[in-house]
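Residue numbers (UniProt numbering): 1 to 165. Below is one structure; the comments refer to it alone.
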Amino acid sequence: MNLQKTRILFLITFLSVFSSFGQSVAYKTLLEGLYDDRFPVIQPKQISNLSNYQVLDAREKAEYEVSHLPKAKWVGYETFDLKNVADLDKNQPILVYCTVGARSQEIGKKLQSAGFTRVFNLYGGIIHWVNENQPLVQNEKLTLKVHTYSKSWGVWLNKGEKVYD
1 MNLQKTRILF
11 LITFLSVFSS
21 FGQSVAYKTL
31 LEGLYDDRFP
41 VIQPKQISNL
51 SNYQVLDARE
61 KAEYEVSHLP
71 KAKWVGYETF
81 DLKNVADLDK
91 NQPILVYCTV
101 GARSQEIGKK
111 LQSAGFTRVF
121 NLYGGIIHWV
131 NENQPLVQNE
141 KLTLKVHTYS
151 KSWGVWLNKG
161 EKVYD
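Listed below in structure tokens is the structure:
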């Protein structure tokens, strides 16, 4: 009986480790398929002080209103217009993010084409940011809510409260 309990405990431990490892490998693989390897990304753990960046949210307004990175400016994706970033310093670092990094990469490329010199895509987007225990705000107050774009994208969020339309 003791051996049987040990085997069951080992199996449960193995499956939970494999499952979480598998998901992170799957997420990394997904991101590799989405990202242009010539466009610079930055990991959440590489950001020691978010205030060193001009932070831009490339999601839609409803997503931004659920939560966003502290001090982030909403610029959108479908409605993005360079006029809305005319007040930014083209030589200061810009951190662009969205749900996983695909839309923000496209906005980042537009910024580079417009002469912004230090543009970075947040690796893994807001989902990875939250999974790395980084803060989000709604109306300048901390929140656990994360708009994951859709239920299917929400499977990658391991922390926080999933919100989607």
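Backbone N, C-alpha and C define an ideal beta-carbon position, used for all residues, glycine too. These numbers come from a predicted model, not from an experiment.
Close CB contacts of Ala-102 within its chain, under the 7 Å cut and outside five residues either way in sequence, are with Leu-34 (chain order). In the displayed model, Asn-121 falls within a strand according to three-state DSSP. With fewer than three CB-CB distances shorter than 8 Å, the region 140 to 149 does not count as touching the region 112 to 119. When the five nearest sequence neighbours on each side are left out, the beta carbons in the same chain lying within less than 6 Å of the beta carbon of Gln-112 are those of Val-119, in order along the chain. Its chain contains Glu-65, Val-66, Ser-67, His-68 and Lys-145 as the residues whose beta carbon lies nearer than 8 Å to that of Gln-138, once the 5 sequence neighbours on both sides are disregarded; these appear in chain order. Residue pairing by DSSP places Leu-136 opposite Thr-143 in a beta bridge. Around the beta carbon of Pro-44, 16 or more other beta carbons sit within 10 angstroms, so the residue counts as buried. Counting C-beta atoms within 10 angstroms of its own C-beta, Gln-54 has 16 or more neighbours from the protein chains shown and is therefore classed as buried. In chain order, Tyr-27 and Ile-127 place their CB closer than 6 Å to the CB of Trp-156, counting only its own chain and leaving out the 5 sequence neighbours on each side.
Counting other Cβ atoms within 10 Å of its Cβ, Asp-57 reaches 16 or more and is therefore classed as buried. Counting only residues of its own chain and dropping the five nearest sequence neighbours on each side, Val-130 has a CB closer than 6 Å to the CB of Val-146, Lys-159 and Gly-160. Taking C-beta separations shorter than 7 Å and ignoring five residues to either side along the sequence, the partners of Glu-132 in its chain run Pro-44 and Lys-45, following chain order. Nearest C-alpha to Val-100 among Lys-83, Leu-82 and Gly-125: Gly-125. A distance of 7 Å or more separates the beta carbons of Leu-122 and Leu-88.
Apart from the 5 residues on each side of it in sequence, Ser-150 sits with its Cβ closer than 8 Å to the Cβ of Tyr-164 and Asp-165 in its chain, given in chain order.
Residue state for Trp-153 is assigned as helix, using DSSP reduced to three classes.
In the structure shown, Val-96 falls within a strand segment according to DSSP collapsed to helix, strand and coil.
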